[in-house]
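First comes the structure, then the notes that go with it.
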Amino acid sequence: MLIGNKTQGNCSLVILNITDDESDIYVRVSAKNERFSFYNKSVNISVSDFQEPVTADEGEMDQVTSEIYVAIFVPLSALLIIIIILIPVIVCYISHKRSCSFTREESGYYANFSRASSNQAQREPSCKYEEKIKLPELKATDEPVYVNTEAVTGQMDRMTHGVQSPHGQWTANIPTKITVLQGSCVVIPCTYTFPKPTSKKILNRWIGFWKKGNKVVSTNIPKWKIPKEYKKRTQFLGDLTSRNCTMLLDGVRMTDVGSFYFRIEMPQYKSYSYIQNPVTINVTRNPQPPSLSVRVDGKVIATCSVTHSCPSIPPQLSWSRSGIVTSRIKKLNQLKWKTVSTLIFQPLPADFNKPLNCTVKYRGGKQAKSSTILRI
Numbered sequence: 001m002l003i004g005n006k007t008q009g010n011c012s013l014v015i016l017n018i019t020d021d022e023s024d025i026y027v028r029v030s031a032k033n034e035r036f037s038f039y040n041k042s043v044n045i046s047v048s049d050f051q052e053p054v055t056a057d058e059g060e061m062d063q064v065t066s067e068i069y070v071a072i073f074v075p076l077s078a079l080l081i082i083i084i085i086l087i088p089v090i091v092c093y094i095s096h097k098r099s100c101s102f103t104r105e106e107s108g109y110y111a112n113f114s115r116a117s118s119n120q121a122q123r124e125p126s127c128k129y130e131e132k133i134k135l136p137e138l139k140a141t142d143e144p145v146y147v148n149t150e151a152v153t154g155q156m157d158r159m160t161h162g163v164q165s166p167h168g169q170w171t172a173n174i175p176t177k178i179t180v181l182q183g184s185c186v187v188i189p190c191t192y193t194f195p196k197p198t199s200k201k202i203l204n205r206w207i208g209f210w211k212k213g214n215k216v217v218s219t220n221i222p223k224w225k226i227p228k229e230y231k232k233r234t235q236f237l238g239d240l241t242s243r244n245c246t247m248l249l250d251g252v253r254m255t256d257v258g259s260f261y262f263r264i265e266m267p268q269y270k271s272y273s274y275i276q277n278p279v280t281i282n283v284t285r286n287p288q289p290p291s292l293s294v295r296v297d298g299k300v301i302a303t304c305s306v307t308h309s310c311p312s313i314p315p316q317l318s319w320s321r322s323g324i325v326t327s328r329i330k331k332l333n334q335l336k337w338k339t340v341s342t343l344i345f346q347p348l349p350a351d352f353n354k355p356l357n358c359t360v361k362y363r364g365g366k367q368a369k370s371s372t373i374l375r376i
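Each residue of the sequence shown is one higher than the one before, counting from 1 in the UniProt record's numbering.
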């Protein structure tokens with residue numbers, strides 16, 4: 001029974017007649033719309049051997065036996081009747097909870113997104129009622145967020161084995177510094193590791209956040225409330241079950257200059273912010289001109305290329321001379337891509353000593369040009 005005064009923060013508990021070991025006993029607090037479970041403050045109870053019984057005379061034994069019968073068997077009979085009545089109620093309640101496509105619990109963070117559903121029209125009416133409940137405002141705290149998500153079929157082994165750091169540490173593999181053209185986009189490659197859990201619990205819930213200071217700029221939770229300055233400009237590309245936390249930042253602004261870091265939350269295990277592994281974004285206003293080369297072998301073969309960090313919307317290359325144009329994109333590493341355009345044409349006398357221009361137009365509209373004189 002709970003003997004503590006909950007209004008004074010006292011949650012003391014008395015357990016009577018305990019005979020078996022109990023593990024992972026923790027406190028859950030509910031107040032209005034606020035709920036929190038102290039998983040990290042659980043207690044384990046070990047039961048030692050019983051003391052030897054004290055002998056009594058026959059009269060006393062008869063009295064004790066009678067008292068035990070009244071104290072144990074009568075309450076057990078009543079308890080059995082209560083259990084029989086409650087079983088259908090519990091089964092009905094569980095069925096109702098499973099009919100809801102998404103459950104908000106454990107954290108005030110859930111005020112930031114609505115329940116996800118692939119078919120809004122087919123939701124159960126009983127689930128719709130929950131959406132009308134006014135949720136608390138977002139708190140400026142760093143507590144864990146608990147979300148129920150299903151593990152992808154065939155990935156369970158990958159999620160529970162071989163995902164820890166070889167050195168048993170929280171580590172993140174992220175570039176230390178990236179320079180991005182204003183208005184363009186950048187893919188920030190990211191992988192992470194974490195220490196091996198001591199328990200055998202299956203980890204199937206993963207929540208990832210990219211943060212700048214205390215602001216969440218990107219997350220794998222689709223309906224999360226992103227600040228206005230980053231709304232529709234970020235995309236969480238990584239698969240957390242594969243230890244990938246890659247993020248896309250589009251429409252880069254001068255205000256994006258600064259450090260970003262990644263945070264992982266595993267409700268069945270632990271949460272961690274990789275503050276020691278940030279990436280610093282630098283923004284430049286002036287684009288680099290493309291690289292241009294020309295080879296004449298009966299025909300003119302001109303090649304124009306530019307490196308960039310925006311594979312989803314690569315820069316566009318154009319020529320001042322018509323001809324056969326082919327383009328391709330090549331990945332150089334996790335951070336850089338190269339867009340290459342090749343122009344082939346049969347030269348004319350009018351092309352002699354004339355400039356051949358290649359112009360690059362980046363995401364956001366910025367342009368740069370390279371030029372060479374044709375010597376035919």
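All residues carry an ideal CB built from backbone N, CA and C; glycine is no exception. Fair warning: this is a prediction, and the values are worked out from it, not measured in the lab.
So what does DSSP say about THR372, is it helix, strand or coil?
strand
With DSSP run on the structure shown, which of helix, strand or coil describes MET266?
coil
If you drop the 5 nearest sequence neighbours on each side, which residues of the same chain put their C-beta closer than 6 Å to that of GLN316?
LYS361
For LYS177, is the classification buried or exposed, using 16 other Cβ atoms within 10 angstroms of its Cβ as the cut-off for buried?
exposed
Taking the alpha carbon of LEU374 as the reference point, which residue from ILE324, VAL294, VAL325 has its own alpha carbon closest?
VAL294
Measure the beta-carbon distance from LYS336 to GLY183 and round it to whole angstroms, keeping in mind my assumption that it falls under 8 Å.
Contact flag wrong, Cβ pair sits at about 18 Å.
Straight-line gap, SER371 to GLN276 (C-alpha atoms, nearest Å):
45 Å
For LEU13, which three-state DSSP category applies?
strand
Roughly how far, in whole angstroms, is the beta-carbon of SER309 from the beta-carbon of VAL186, given that I think they are within contact range, below 8 Å?
4 Å
When MET254, VAL257, VAL252, TYR274 are compared against CYS245, the one with the closest alpha-carbon
TYR274
Any C-beta of chain D sitting closer than 9 Å to the C-beta of LEU356?
Among the chains in the structure shown there is no chain D, since it carries only a single protein chain.
Closest to PRO311 by CA distance: which of GLY9, VAL217, LYS331 is it?
LYS331
contact_flag[the segment 245 to 259, the segment 215 to 234] where n(CB pairs < 8 Å) is 3 or more
yes
What are the boundary residues of the beta strand (DSSP E) that includes PRO355?
355 to 361
I need the straight-line Cα distance from LYS225 to THR359, nearest angstrom please.
39 Å
On a Cα-Cα basis, can you pick out the residue from SER271, GLN288, ILE174, ARG205 that is closest to PHE260?
ILE174
Short check: CB of ALA302 to CB of LEU348, under 9 Å?
no
Got a sec? Which residues, its chain only, sit under 8 Å from PRO287 by beta carbon, not counting five neighbours each side?
LEU181, VAL360, TYR362, LYS366, GLN367, ALA368
DSSP three-state call for ILE202: helix, strand or coil?
coil
In the structure shown, what three-state DSSP assignment does SER184 receive?
coil
VAL217 and TRP210 look like a contact to me (Cβ under 8 Å); what is the Cβ gap, rounded to whole Å?
5 Å
DSSP state of ASP297, grouped into three classes?
strand
Local conformation of LEU249 per DSSP, three classes
strand
Are GLY258 and ILE281 close, meaning C-beta to C-beta below 9 Å?
yes
Identify every residue that forms a DSSP beta bridge with VAL217.
Answer is none; VAL217 lacks a bridge partner.
Note down, in chain order, each residue of its chain lying with its Cβ closer than 7 Å to the Cβ of THR326, except the 5 sequence neighbours on either side.
THR342
Among residues of its own chain, excluding the 5 on either side of THR179, which ones have a beta-carbon nearer than 7 Å to its beta-carbon?
ASN282, THR284
Let's see if you can read the secondary structure: which residues bound the beta strand (DSSP E) around GLY208?
207 to 212
Look at the alpha carbon of VAL252 and the alpha carbon of VAL14, and state the distance between them as a whole number of angstroms.
58 Å
Residue from GLY298, VAL300, ILE329 with nearest C-alpha to ILE313
ILE329
List the whole-angstrom C-beta distance separating ARG243 from THR191, where the pair is believed to meet the contact cut-off of C-beta under 8 Å.
5 Å
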